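Position 204 of the sequence shown, counted from 1, bears residue number 522 in our numbering, the numbering being contiguous throughout. Here a beta-carbon is modelled for each residue, glycine too, at the ideal position from N, C-alpha and C. This one's a predicted model, so the numbers in the text were calculated from it and none came from an experiment. Notes follow the structure.
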Amino acid sequence: MSFEYLISIPKSFYVSWRLTDFISAFRLPCVVRYNTVLHCLSGHIVLSKAVKSKLIFGIGDCSIYDKRHNRSILDIKGTVNISGAVCIGPSAKISVGHRGQLSFHGSFRNSAGVTIVCQNRIDFYERVRVGWDTLFTDTDFHETILTESNTINVSTKPILLGNNVWVGSRCMILKGTEIANNCIIGAGSIVTKSFLQESCLIAGNPASVRKVGVTRYFKE
Numbered sequence: 319m320s321f322e323y324l325i326s327i328p329k330s331f332y333v334s335w336r337l338t339d340f341i342s343a344f345r346l347p348c349v350v351r352y353n354t355v356l357h358c359l360s361g362h363i364v365l366s367k368a369v370k371s372k373l374i375f376g377i378g379d380c381s382i383y384d385k386r387h388n389r390s391i392l393d394i395k396g397t398v399n400i401s402g403a404v405c406i407g408p409s410a411k412i413s414v415g416h417r418g419q420l421s422f423h424g425s426f427r428n429s430a431g432v433t434i435v436c437q438n439r440i441d442f443y444e445r446v447r448v449g450w451d452t453l454f455t456d457t458d459f460h461e462t463i464l465t466e467s468n469t470i471n472v473s474t475k476p477i478l479l480g481n482n483v484w485v486g487s488r489c490m491i492l493k494g495t496e497i498a499n500n501c502i503i504g505a506g507s508i509v510t511k512s513f514l515q516e517s518c519l520i521a522g523n524p525a526s527v528r529k530v531g532v533t534r535y536f537k538e
């Protein structure tokens, strides 16, 4: 057991107690780095009983991040559903609004620096892998209006990532996006719409399909 893990136990117990319940907190279902900023913990985490489920947040090694100064942030007002091992690296930020539903339907890993903003619904399915400095947001926070028709565009739409999706570093995954199973999203891409064909390389700004019949090779 690492020193970083040991000194994180008090905060991990507190977060586990606030987001699950007092009895479950003794099993430390949420392991949170000791210097994580806790903005709000009025929501709750629902852990699947069918599989071993755990959240590891802000802990890990990434040589381009200074964990002492680039602190992680938790702001949970809504619901987080976890069905598997969720490992989120240092300098991460998660914000779930009062009506937000953030769901991990299987194992999830991020190297560092991911930002997840969920005001509506975000779903990550089995074995999603995410590079550093990546943003997922299902909201614009502000509605717009088409002046000619007086039609209001809603500010939130769900995001869904299928099984075995690999998201490269510094991508932006915006509201209303659905990504099919086994797809790769190239580094620096901005994704604003759905891609429903499996095993594709998606890249660019705006993102488009660049290659078909390709997927990540998982060694683990």
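#1: Pull the bridge partners of Glu-496 from the DSSP assignment, please.
#2: Would Ala-403 and Ser-425 qualify as a contact pair, given that the criterion is a beta-carbon distance under 7 Å?
#3: In this structure, what does DSSP give as the bridge partners for Ile-325?
#4: Would you identify the three-state DSSP class for Phe-536, choosing helix, strand or coil?
#5: Could you tell me which whole beta strand (DSSP E) segments of length 3 or greater appear in the region 415-456?
#6: Since I believe Leu-519 is in contact with Val-532 (beta carbons under 8 Å), could you give me their beta-carbon distance rounded to a whole number of angstroms?
#7: With three or more beta-carbon pairs closer than 8 Å as the criterion, would you say the region 348-368 touches the region 379-399?
#8: I'd like to know whether the C-beta of Gly-418 is nearer than 7 Å to at least one C-beta of chain C.
#9: With respect to the alpha helix (DSSP H) encompassing Ser-342, which residues constitute its N-terminal and C-terminal limits?
#10: Contact between the region 463-477 and the region 445-453 is defined here as three or more beta-carbon pairs at a separation below 8 Å; is this criterion met?
#11: Would you identify the three-state DSSP class for Phe-459, choosing helix, strand or coil?
#12: Spell out the partners DSSP gives Phe-513 in its beta bridges.
#13: Please specify which runs of the alpha helix (DSSP H), each continuous and at least 4 residues long, are wholly inside the region 332-417, giving them in chain order.
#14: Quick one: Cα of Val-485 to Cα of Ile-327, how far?
#15: Identify, in the order they occur along the chain, each residue of the same chain with its Cβ nearer than 6 Å to the Cβ of Gly-415, setting aside the five sequence neighbours on each side.
#16: Rank Ala-498, Ser-507, Asn-388, Phe-321 by C-alpha distance to the C-alpha of Ser-517 and give the top, closest one.
#17: Under the rule that 16 or more other beta-carbon atoms within 10 Å means buried, what is Gln-419, buried or exposed?
#18: Where does the unbroken beta strand (DSSP E) through Ser-507 begin, and where does it stop?
#19: Within its chain, find whatever has a CB closer than 6 Å to the CB of His-423; leave out the 5 residues flanking it on each side and keep chain order.
On the basis of the coordinates in this document:
#1: Within the sequence shown, residue 496 is the residue found at index 178, counting from 1. The partner list for Glu-496 (beta bridge, DSSP) reads Leu-478.
#2: Looking up residue 403 in the sequence shown gives position 85. Looking up residue 425 in the sequence shown gives position 107. Contact annotation: Ala-403 and Ser-425 have beta-carbon atoms nearer than 7 Å.
#3: By 1-based counting over the sequence shown, the position of residue 325 is 7. According to DSSP, which records beta bridges pairwise, Ile-325 is partnered with nothing at all.
#4: For this step, residue 536 is matched to residue 218 along the sequence shown. Reduced to three states, the DSSP call for Phe-536 is coil.
#5: 419-422, 426-428, 433-436, 439-442, 446-448, 453-455
#6: Numbered from 1 along the sequence shown, position 214 holds the residue referred to as residue 532. Numbered from 1 along the sequence shown, position 201 holds the residue referred to as residue 519. Yes, Val-532 and Leu-519 are in contact; Cβ-Cβ is about 5 Å, under 8 Å.
#7: yes
#8: The chain labelled as chain C is not found in the depicted structure, where only one protein chain is given.
#9: Within the sequence shown, residue 342 is the residue found at index 24, counting from 1. Note, Ser-342: alpha helix (DSSP H), 340-343.
#10: no
#11: Counting from 1 along the sequence shown, the entry for residue 459 is found at position 141. DSSP places Phe-459 in the coil class of the three-state scheme, outside both helix and strand.
#12: Translated into positions along the sequence shown, residue 513 becomes position 195. Its beta-bridge partners are Ile-497.
#13: 340-343
#14: Taking the first residue of the sequence shown as 1, we reach residue 485 at position 167. Taking the first residue of the sequence shown as 1, we reach residue 327 at position 9. In a straight line, the C-alpha of Val-485 is about 30 Å away from that of Ile-327.
#15: Along the sequence shown, one-based indexing puts residue 415 at 97. Hits under 6 Å: Lys-395, Gly-396, Gln-437.
#16: Against the sequence shown, residue 517 aligns to sequence position 199. The candidate whose alpha carbon is nearest that of Ser-517 is Ala-498.
#17: Residue mapping note: residue 419 aligns to position 101 of the sequence shown, counting from 1. Buried is the label assigned to Gln-419, since at least 16 other Cβ atoms lie within 10 Å of its Cβ.
#18: For this step, residue 507 is matched to residue 189 along the sequence shown. Segment: none, Ser-507 is in no beta strand (DSSP E) and carries neither H nor E.
#19: Here residue 423 is taken as the residue at index 105 of the sequence shown, counted from 1. Counting only Cβ-Cβ distances below 6 Å, and skipping sequence neighbours, we find Ser-401, Tyr-443.
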